[in-house]
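In this text, residue positions in the sequence shown follow our numbering: the first is 28, and each later residue adds one. Below is one structure, written out as structure tokens; the observations come after it.
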Amino acid sequence: MIRPKITGTGSAVPQKVLTNFDIEKMVDTSDEWIVSRTGIRERRIASEGEFTSTFAALAAQRALEAAGVAPEELDLIVVGTLTPDFPFPATACIVQQIIKAPNAFCFDLSAACSGFIYALATAEKYILSGKVKKALVIGAEVLSRIVDWTDRNTCLLFGDGSGAVVLEAVEGESGILSTHMHSDGNYWEILYQKGAGSRNPATQKNLDDRLVYLTMQGNEVFKLAVRAMGEVAQEALAANGLTPDDVSLFIPHQANQRIVDSIGKRLGITGERVFVNLDRYGNTSAASIPIALDEAVRAGRLKEGDILLIDAFGGGLTWGASLIRW
Ligand code: COA
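This is the structure in structure tokens:
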């Protein structure tokens, strides 16, 4: 049986570290508040001259090297992002140019923090259809450029970086077992970027009104995230006749330690089986799961036959989960 299988992972984050103590100097907050409410201690921030494509291409090259796949072999590049280099062309096309992958078709996918799982599911379907043999799936963000650094409700939550995987059509039992995605457009206004689109274009007035920045109703997002991520994880397990006990490693979207703990408790997956790195990176949106996955792989946390559960939630609303036999 042919299954889409992750054969290599890579990640790249900016060098520049912004700690909670740095943020204390920017807005009325404290390290103690941020750590107790979110679990975040520091995040990486892109410097001048670094863009979403910078980290996406670097993560991609590392994933290709790990997989032993040459860029020319790629049939598809898909980038999940809410902070592309430009509204168009797709950041995936810029990555294609940087890594020199002339045979791939390339596009971006907009599903906010669920972007990596949506992108993975899309590549999975192309592989299952037989149209694609080797795909590069990337989650990449430079959120620091759409965060309002005067808003203490949001600025401390987010960070920059990218993670990537090579997905190949492989004969055997290991690979993606299933992907599950949902959306609820009724809640789009609880988490979105007001400006820079067709509704509030980049006029001087909209810039002066600070409309370019991300805005969020944190409490509402928190409650919906816990419920939706718990439900879709259960759905993925049930679809494969598995239980939480079968899961070797759980990589949830790295938004907030309290969200991660609540979902883990609901599912009965806790302790060492839950991978967390949000203390070091904050919420990197579509990049959070592939960065965590790359760190988990390189730390030897996944061995052949292990069951990996990934689970995300984001603006849209969008949410999704996938089960993968390693
Ligand atoms: N520093 C210090 N105090 C702060 C603060 C900050 N940065 N932000 C808010 N507060 C204060 C509030 O004013 C409020 O004070 P009050 O009780 O005197 O009114 C108190 O802290 C609690 O605020 P609240 O907004 O209820 O905090 P919370 O426990 O909900 O935590 C978030 C706020 C944003 C951390 C939390 O709601 C969250 O993480 N939501 C999900 C966000 C997310 O993950 N988004 C992306 C999803 S993909």
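Every residue gets a Cβ at the ideal spot worked out from N, C-alpha and C, and that includes glycine.
- For R307, the enclosing alpha helix (DSSP H) starts and ends at 305-308.
- Within 10 angstroms of the beta-carbon of D236 lie fewer than 16 other beta-carbons, which makes it exposed.
- Per DSSP, Q42 has no beta-bridge partner at all.
- Runs of alpha helix (DSSP H) with 4 or more residues, each lying fully within the region 131-203, are found at 142-156, listed in chain order.
- Excluding the 5 residues flanking it on each side, I72 has same chain C-beta neighbours closer than 8 Å at P41, K43, V44, L45, S171, G186, D187, in chain order.
- Membership of R64 in the alpha helix (DSSP H) is indicated by the continuous run 58-65.
- At a threshold of 7 Å, N47 does not count as near the ligand COA, since its beta carbon sits no closer than that to any of the ligand's heavy atoms.
- Proximity of the beta carbon of H209 to the ligand COA is not indicated: no heavy atom of the ligand is located closer than 7 Å.
- When only Cα atoms are considered, N304 and E198 end up about 32 Å apart.
- For T110, the CB contacts under 7 Å within the same chain, skipping 5 residues up- and downstream, are T79, E168, V169, L170, R172, I173 in chain order.
- The three-state secondary structure of L344, taken from DSSP, is coil.
- Closer than 7 Å to some heavy atom of the ligand COA: that describes the Cβ of I286.
- At a Cβ-Cβ threshold of 8 Å, I67 and G309 count as neighbours.
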